[in-house]
Structure formats: C-alpha cells, structure tokens
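Residue numbering for the sequence shown follows the numbering used here, starting at 14 and increasing by one per position.
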Amino acid sequence: MKVLSVNAGSSSLKFQMYEMPEEKVLISGVFERIGLDGGMYTLKINGEKIKKEKELKDHNVAVQTLIDELIANNIIKSFFLSN
Numbered sequence: 014m015k016v017l018s019v020n021a022g023s024s025s026l027k028f029q030m031y032e033m034p035e036e037k038v039l040i041s042g043v044f045e046r047i048g049l050d051g052g053m054y055t056l057k058i059n060g061e062k063i064k065k066e067k068e069l070k071d072h073n074v075a076v077q078t079l080i081d082e083l084i085a086n087n088i089i090k091s092f093f094l095s096n
C-alpha cells in the first residue's frame, strides 16, 4: 500500500510517498511559491533531485501537478481527483 504524507503551508506544499509496511520513501519533494510569481517544485526520486519551474496559481494546481508527476514517474497508475 502506498501512503502520501502532505504538509501544506500558505505558499508551499511538502510531501513524501511511502511504500508500506516497509516505510520505503518512493518520492519526496516540495512545491514553493504557490500563489506567487516564480513558482517551482523539486522532486527527489531514487536519490536524484529534479527541479522544475511552473506557475502555481494555487494549491489545486500544485496537487494536480504532484499527481501528474506520480503517474509520469510510474509511482502510481492513475488517480481521480474530483472538485
């Protein structure tokens, strides 16, 4: 089972996804400057850091970007996010 832990602040979102019950970290990272100019995020996968710039107008965009990255990096197969 995969568990996503999220810590959302006013302009940031930090996260880690674990494979349980082994408690193995599959991916971690941070979205910064949410709602501000110069949005960016950093992912850490298998010891490699990936930094990307993206306009993050709100936390909804950050969460959707996180889900897209989880799928693109084959960590999850799909995810349905309803409004």
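Glycine is no exception: its CB is placed at the ideal position from the N, C-alpha and C atoms.
Under 8 Å by Cβ, that's how I've got residue i and residue j pegged, so tell me the actual separation to the nearest angstrom.
i     : j     : result
Thr78 : Lys67 : 6 Å
Ile88 : Met30 : 6 Å
Determine the DSSP secondary structure at residue i, reduced to helix, strand or coil.
i     : result
Asn20 : strand
Ile89 : coil
Leu56 : strand
Among the residues of its own chain, which have a CB less than 7 Å from the CB of residue i, if the five just before and after it don't count?
i     : result
Leu49 : Ser24
Gly42 : Phe28, Tyr54, Thr55, Leu56 and Lys57
Met14 : Met33
Ala21 : His72
Val38 : Gln29 and Tyr31
Could you spell out where the alpha helix (DSSP H) holding residue i opens and where it closes?
i     : result
Ile80 : His72 to Ala85
Grab the span of the beta strand (DSSP E) containing residue i for me, first residue to last.
i     : result
Glu61 : Glu61 to Glu66
Please list, in chain order, all residues of the same chain as residue i whose beta carbon is under 6 Å from its beta carbon, the five residues on each side excluded.
i     : result
Asn59 : none
Please return the same chain residues whose Cβ sits closer than 8 Å to the Cβ of residue i, not counting the five positions on each side in sequence.
i     : result
Ser18 : Phe28, Gln29, Met30 and Tyr31
Asp71 : Ile47 and Gly48
Worksheet entry | In chain order, each beta strand (DSSP E) run of at least 3 residues that lies wholly inside the region 25-52 | 25-32 and 37-45, all fully within the region 25-52.
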